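Just so you know, the protein sequences line up as chains R and Z, in that order.
This note's numbering puts the first sequence at residues 1 to 242.
This note's numbering puts the second sequence at residues 1001 to 1242.
Worksheet for the structure shown next.
2 protein chains.
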Amino acid sequence: MDRILDGVHFDIDDRPALTAADGYEAFGIEDPRITGIDDTYYINYVAVAASGVTTCLASTRDFKSFRRHGVIFHPENKDVVILPQRIGGQYYALHRPHSPLFRKNDIWIAESPDLLCWGRHRHLMGLRDGSWDETRIGAGAVPFRIDEGWLEIYHGADRNSRYCLGAVLFDGEKPWEILARSKRPIFEPQAEYERAGFFGHVVFSCGLLFEDDMLKIYYGAADTVTCYAELPLSDVRAALKA
Amino acid sequence: MDRILDGVHFDIDDRPALTAADGYEAFGIEDPRITGIDDTYYINYVAVAASGVTTCLASTRDFKSFRRHGVIFHPENKDVVILPQRIGGQYYALHRPHSPLFRKNDIWIAESPDLLCWGRHRHLMGLRDGSWDETRIGAGAVPFRIDEGWLEIYHGADRNSRYCLGAVLFDGEKPWEILARSKRPIFEPQAEYERAGFFGHVVFSCGLLFEDDMLKIYYGAADTVTCYAELPLSDVRAALKA
């Protein structure tokens, strides 16, 4: 039977592409984000072990053989997305350190000369009290360029741990500057399979395609199933302006 | 009057050399460690703000004018010490991320091409249950070379928040490999001014001189006064072998 390459039907391999391989990954790996740069795909993922929650990096050209590059963000750090282009010679990544002292789960931005070492950390966006993103936020899909700048689809949770998706727009040349942020979610758990499951009332994306002015979003629902939704860019633009 | 340049008597300037200057430092800066590399002194320090506890970097050649380089370790991270030599072309630093999920306050090591961006994080040493360093540890003075490798004087605290100093020896060429660690403290709060004060039963060092096989340790006592102690290297060697 011919493969259907439509981005909706999938042949699922018998074995995972990557599995926990060292002490930093002892309790598992999860939430990969994939950034294509030149001919290489860089996969950053959350690694969990008794030593803490870190973000690690792997790379591949063919999704058959993978090279591991170790821990790129020390504990506790999740929700890392690497921008697919250098800006002023540097790579940029959004990341989400956890600050227990001040109960912060905010999004920061860092830069790197080589994708392995990250610094010049800047606080980018915080929680909004009383809002759908009041207790935690984190980058979702890898940011992509639209005319106005970098568009990022992020997740946020409220005090009931209800996870929705929102949009934020960064300056194209200065990605540490926010141009607009959606007041309301652009996508929220509504369908039965998004409301009920292992962890209900959750939509959480680690990747999307942007084609023909359409966001084609892959997301986990209720920590149980993987879903697909299409959202016109015009709807996201409207949410950013509202 | 001539200045006495003996490392024990000090003329204290009327104004601090560095004070809190931006949003990451809103609640203050503290615990500087200074590493001299070529003709420049690199000062990393803890910055505290509502966005979290970070480590920032500044540099100076004359201790009159200072240049700030921003946040080099994202929240929460303290007790960073930068090794004074490149090894295999890379800089190395010990750091102490805080992992609330697993209640970890362990020492990690990272590398950097430029002192600004840090990665390839590796877990270096952990807490020892039932020991003087059972609840938190962190690098103290900048590591220095002895014949056997890099010697680091670190601090540890027990369940009563009693802070002592210990010694750890790293491989000279592979500083991520530990060769020896002192079972007992090499220095503990004993004097009246170390036991009573703002935060009693604390000795905490951010710097020392190593001259003539003698460790000349500058340290804070009881979070109240700054003190000086001399400890022969032979005593530290004995502690590492015990």
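Note that the Cβ used here is the ideal one computed from N, Cα and C, for glycine as well.
Note that the structure is predicted; figures quoted are calculated from it, not measured.
Of the residues the options, which one's Cα is nearest the Cα of residue i?
i: R/Thr-135; options: R/Lys-78, R/Phe-204, R/Asp-171 and R/Asp-106; result: R/Asp-106
i: R/Arg-122; options: Z/Lys-1064, Z/Ser-1051 and Z/Gly-1088; result: Z/Ser-1051
i: R/Gly-149; options: R/Gly-140, R/Gly-88 and R/Pro-175; result: R/Pro-175
i: R/Ile-34; options: R/Arg-103, R/Asp-62, R/His-9 and R/Met-125; result: R/Asp-62
i: R/Ser-205; options: R/Ile-178, R/Asn-44, R/Cys-227 and R/Thr-19; result: R/Cys-227
i: Z/Tyr-1092; options: Z/Leu-1124, Z/Gly-1070, Z/Phe-1199 and Z/Pro-1075; result: Z/Leu-1124
i: R/Ile-146; options: R/Leu-209, R/Ala-157, R/Asn-160 and R/Glu-192; result: R/Leu-209
i: Z/Glu-1087; options: Z/Ala-1180, Z/Ile-1037 and Z/Glu-1211; result: Looking at the sequence provided, one finds Ile at residue 1087 of chain Z rather than Glu. Minimum Cα distance to Z/Ile-1087 is reached at Z/Ile-1037.
i: Z/Arg-1015; options: Z/Tyr-1024, Z/Lys-1064, Z/Val-1048 and Z/Gly-1070; result: Z/Lys-1064
i: R/Ile-137; options: R/Asp-158, R/Phe-144, R/Pro-143 and R/Cys-117; result: R/Asp-158
i: Z/Val-1268; options: Z/Arg-1237, Z/Trp-1108, Z/Arg-1181 and Z/Asp-1011; result: Residue 1268 of chain Z lies beyond the range of chain Z shown here (1001 to 1242); nothing can be said about it.
i: R/Gly-242; options: R/Asn-160, R/Ile-12 and R/Val-168; result: Checking the sequence, you will find Ala at residue 242 of chain R rather than Gly. Checking every option, the nearest Cα to that of R/Ala-242 belongs to R/Val-168.
i: Z/Cys-1117; options: Z/Ile-1082, Z/Phe-1102, Z/Val-1142 and Z/Val-1236; result: Z/Ile-1082
i: Z/Arg-1067; options: Z/His-1074, Z/Ala-1049, Z/Ala-1026 and Z/Leu-1018; result: Z/Leu-1018
i: R/Gly-89; options: R/Leu-179, R/Glu-173, R/Ala-26 and R/Asp-235; result: R/Glu-173
i: Z/Val-1008; options: Z/Gln-1085, Z/Tyr-1219, Z/Ala-1239 and Z/Val-1142; result: Z/Tyr-1219
i: R/Lys-104; options: Z/His-1074, Z/Leu-1151, Z/Asp-1022 and Z/Glu-1211; result: Z/His-1074
By Cβ distance, which residues of its chain are closer than 8 Å to residue i, with the 5 residues on each side in sequence left out?
i: R/Gly-119; result: Ala-110, Glu-111 and Ser-112
i: R/Arg-195; result: Pro-189, His-201 and Ala-222
i: Z/Tyr-1041; result: Ile-1034, Thr-1035, Ser-1059, Thr-1060, Arg-1061 and Phe-1063
Can you list, in chain order, the residues of its chain whose CB lies under 6 Å from that of residue i, leaving out five sequence neighbours each side?
i: Z/Ala-1229; result: Ile-1217
i: Z/Asn-1077; result: Thr-1055, His-1095 and Pro-1097
i: R/Leu-233; result: Asp-213
i: R/Gly-140; result: Ile-153, Tyr-154, His-155 and Ser-205
i: Z/Ala-1020; result: Gly-1028 and Ile-1029
i: R/Thr-224; result: Gly-197 and Phe-198
i: R/Glu-192; result: none
i: Z/Leu-1057; result: Asn-1044, His-1069 and Ile-1072
i: Z/Val-1236; result: Ala-1167 and Ile-1186
i: Z/Val-1142; result: Arg-1033, Thr-1035 and Val-1081
i: R/Gly-207; result: Ala-141 and Tyr-218
Give a yes or no on whether the minimum CB-CB distance between residue i and chain R is below 8 Å.
i: Z/Val-993; result: Because residue 993 of chain Z is not part of the residues shown, which for chain Z are 1001 to 1242, the question remains open.
i: Z/Phe-1071; result: Before going further, note that residue 1071 of chain Z is Val rather than Phe in the sequence given. Yes, its Cβ sits closer than 8 Å to a Cβ of chain R.
Near residue i, what residues of its chain come up, given a Cβ to Cβ distance below 7 Å and the 5 sequence neighbours on each side ignored?
i: Z/Val-1046; result: Ile-1029, Glu-1030, Asp-1031, Val-1053, Thr-1055 and Lys-1078
i: Z/Tyr-1024; result: Ala-1047, Ala-1049, Ser-1051, Thr-1054, Cys-1056 and Val-1071
i: R/Asp-171; result: Gly-149, Glu-177 and Leu-179
i: Z/Ala-1239; result: Ala-1167, Ser-1182, Arg-1184 and Ile-1186
i: R/Pro-84; result: Thr-35, Gly-36, Ile-37 and Val-142
Please confirm whether any heavy atom of the ligand HEM lies closer than 7 Å to the CB of residue i.
i: Z/Lys-1078; result: As presented, the structure is devoid of all ligands, the ligand HEM included, so that no description of it is given.
Any C-beta of chain C sitting closer than 8 Å to the C-beta of residue i?
i: Z/Phe-1170; result: Judged by its chain identifiers, the structure shown contains no chain C, and its protein chains are R and Z.
Where the segment 100 to 116 of chain R meets chain Z: residues whose CB sits under 9 Å from a CB there:
Correct list: Pro-100, Leu-101, Phe-102, Lys-104, Asp-106, Trp-108, Ala-110, Glu-111, Ser-112, Pro-113, Asp-114, Leu-115 and Leu-116.
Could you run through the segment 30 to 50 of chain R and flag, in chain order, every residue whose CB is less than 8 Å away from some CB of chain Z?
Result list: Ala-50.
When Cβ atoms are compared, which residues of the segment 1071 to 1098 of chain Z fall closer than 8 Å to chain R?
Correct list: Val-1071, Ile-1072, Phe-1073, His-1074, Pro-1075, Glu-1076, Asn-1077, His-1095, Pro-1097 and His-1098.
Output needed in chain order: residues of the segment 1116 to 1135 of chain Z with a Cβ under 8 Å from some Cβ in chain R.
Those would be Leu-1116, Cys-1117, Trp-1118, Gly-1119, Arg-1120, His-1121, Arg-1122, His-1123 and Gly-1126, in chain order.
At least three beta-carbon pairs within less than 8 Å, the segment 1177 to 1196 of chain Z to the segment 1158 to 1165 of chain Z
In short, these stretches touch, since the Cβ pair count reaches three.
Is the number of C-beta pairs between the segment 127 to 142 of chain R and the segment 1126 to 1141 of chain Z that are closer than 8 Å three or more?
Too few Cβ pairs lie closer than 8 Å, so no.
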